[in-house]
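What follows is a short report on a single structure.
Residue numbers (mature numbering (1 follows the signal peptide of the UniProt record, and there is no 0)): -28 to -1, 1 to 309.
Okay, structure coming up:
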């Protein structure tokens, strides 16, 4: 009886052991599909990834080697770095779609400037291509205004500086006679510029011609404008003005005055005196004649016509007397000889 109970217990134990042994095997098989299920989603971003390709060159169209770029994601974290090759190209592959920030950290050339940061949009399964043009470094110009005789620096000189037909910069010298600025350049070697003065310093004449000069990227250049002092007008006492109104004062005697009449005025006066004396003579004769023979009442006034025979006779007597006197004088001269 006891033996049977023991065997029954052993059989139960074996059966129980067999059940516990399979349980772990079943549990070990259950995790196997998990890795394969998780691997499938990991391949999805690779299908939807995008890329960025950059071409770098300068304003002259030449490719830039060694330009360095940094790509930041929307969280400000670094998403990639790149450097341009001999063709000026740099690439950023396998980027998740979104908006990125592109920063240029170096140009690879001492003649060029980096560009400002910009946003880049990456689209799924596409390549975003960008062209970056690095400008040349600006030339540093120093303006000086000087006296053309003494070389003294002058304040208040205003000039325009430009290239071709465009004005690029306006400078005015300060109290030290200088002014500075930056000029954009467009060539690796040198660029042509001109300077023209538009306002001269006080007391100086404006310098009208334009002056040409050259400048290289990043190099300093000095431009000097000279001015001559404004010519002053001498006082009238030192230099005659040539005004004709001043000349008649040298000979005041030539101009007739009321106290001393000129020759032209004297002739009419003499004629007037002669005519007056000639007029007075008949008047006295007329008076005497009118006194001797009064005019009858109611008749016209006498004009002196009655005295004409008497005057003729008197004139004849005078002529005869004069002729006799002349004849006697000539006779006397003859006798004396």
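Built from N, CA and C at the ideal position, the CB exists for glycine as well.
Predicted, not measured: the structure shown is a model, and the values here were computed from it.
Please list the terminal residues of the continuous beta strand (DSSP E) segment that includes residue 154. Annotation: the continuous beta strand (DSSP E) that includes residue 154 extends over 150 to 155.
Suppose contacts are defined by Cβ-Cβ distances below 9 Å. Is residue 78 in contact with residue 24 by that definition? Contact check for residue 78 against residue 24 fails: the beta carbons are separated by 9 Å or more.
Consult DSSP for residue 294 and reduce its assignment to one of helix, strand or coil. Residue state for residue 294 is assigned as helix, using DSSP reduced to three classes.
According to DSSP, which residues form a beta bridge with residue 101? In the DSSP output, where bridge partners are listed per residue, residue 101 has 25.
If I follow the unbroken beta strand (DSSP E) through residue 50, where does it start and stop? Its beta strand (DSSP E) spans residues 50 to 55.
Euclidean distance between Cα positions of residue 242 and residue 298: With a pLDDT of 39 at residue 242, under the threshold of 50, the modelled position of that residue is not reliable, and no figure is offered here.
Evaluate residue 363 with the Cβ neighbour count: other Cβ atoms within 10 Å of its Cβ, from every protein chain shown; 16 or more gives buried, anything less gives exposed. Nothing in the structure corresponds to residue 363, since the chain is present only between -28 and 309.
Would you tell me roughly how many angstroms separate the C-alpha atoms of residue 164 and residue 138, rounded to the nearest one? So the alpha carbons of these two residues sit roughly 12 Å apart.
Considering only the alpha carbon of each residue, which of 110, 174, 121 and 118 lies closest to residue 141? A check of alpha carbon separations from residue 141 across 110, 174, 121 and 118 identifies 110 as the nearest.
Taking the beta carbon of residue 310 as the centre, do at least 16 other beta carbons fall within 10 Å, making it buried, or is it exposed? Look at the range of the chain in this structure, -28 to 309, and you will see that residue 310 is not part of it.
Can you have a look at residue 71 and say buried or exposed, based on whether 16 or more other CB atoms are within 10 angstroms of its CB? That one is exposed.
Cross-strand partners of residue 176 (DSSP beta bridge): 201.
Would you call the stretch 30 to 49 in contact with the stretch 117 to 135, where contact means no fewer than 3 C-beta pairs closer than 8 Å? By the C-beta criterion, the stretch 30 to 49 is judged not to be in contact with the stretch 117 to 135, since fewer than 3 inter-stretch pairs fall below 8 Å.
Can you give the Cα-Cα distance for residue 53 and residue 150, rounded to whole angstroms? Spanning the two alpha carbons is a distance of roughly 45 Å.
Within a Cβ cutoff of 6 Å, which residues of the same chain sit near residue 35, ignoring the five residues on either side of it in sequence? Excluding sequence positions up to five before and after residue 35, its CB lies within less than 6 Å of the CB of 29, 59 and 60, all in the same chain and listed in chain order.
Taking residue 108 and residue 189 to be in contact with their CB atoms under 8 Å, please state how far apart those CB atoms are, rounded to whole angstroms. At roughly 4 Å, the Cβ-Cβ gap stays under 8 Å, so residue 108 and residue 189 are in contact.
Among 156, 185 and 96, the one whose alpha carbon lies nearest that of residue 168: Answer by Cα proximity: 185.
Does the beta-carbon of residue 104 have 16 or more other beta-carbons within 10 angstroms, so that it is buried, or is it exposed? Residue 104 counts as buried, since no fewer than 16 other beta carbons sit within 10 angstroms of its beta carbon.
Tell me whether residue 284 is buried or exposed, calling it buried when 16 or more other Cβ atoms sit within 10 Å of its Cβ. The residue is exposed, with fewer than 16 neighbouring Cβ atoms inside 10 Å.
With distances taken from CA atoms, which of 286, 198 and 300 is nearest residue 118? Here the closest residue by C-alpha is 198.
For residue 188, which beta-bridge partners are listed by DSSP? Answer is none; residue 188 lacks a bridge partner.
On the DSSP bridge list, what partners appear for residue 134? DSSP lists 139 and 166 as partners of residue 134.
Burial state of residue 181, where buried means 16 or more other Cβ atoms lie within 10 Å: By the neighbour-count rule (16 or more Cβ atoms within 10 Å), residue 181 is not buried but exposed.
Based on Cα-Cα distance, which residue from 300, 114 and 37 lies nearest to residue 82? The residue with the shortest Cα to Cα distance from residue 82 is 37.
Is there a Cβ from chain C that is less than 9 Å from the Cβ of residue 289? In the structure shown, chain C cannot be found, because there is only a single protein chain.
Return the bridge partner residues of residue 299 from the DSSP annotation. Note: residue 299 sits in no beta bridge, so no partner.
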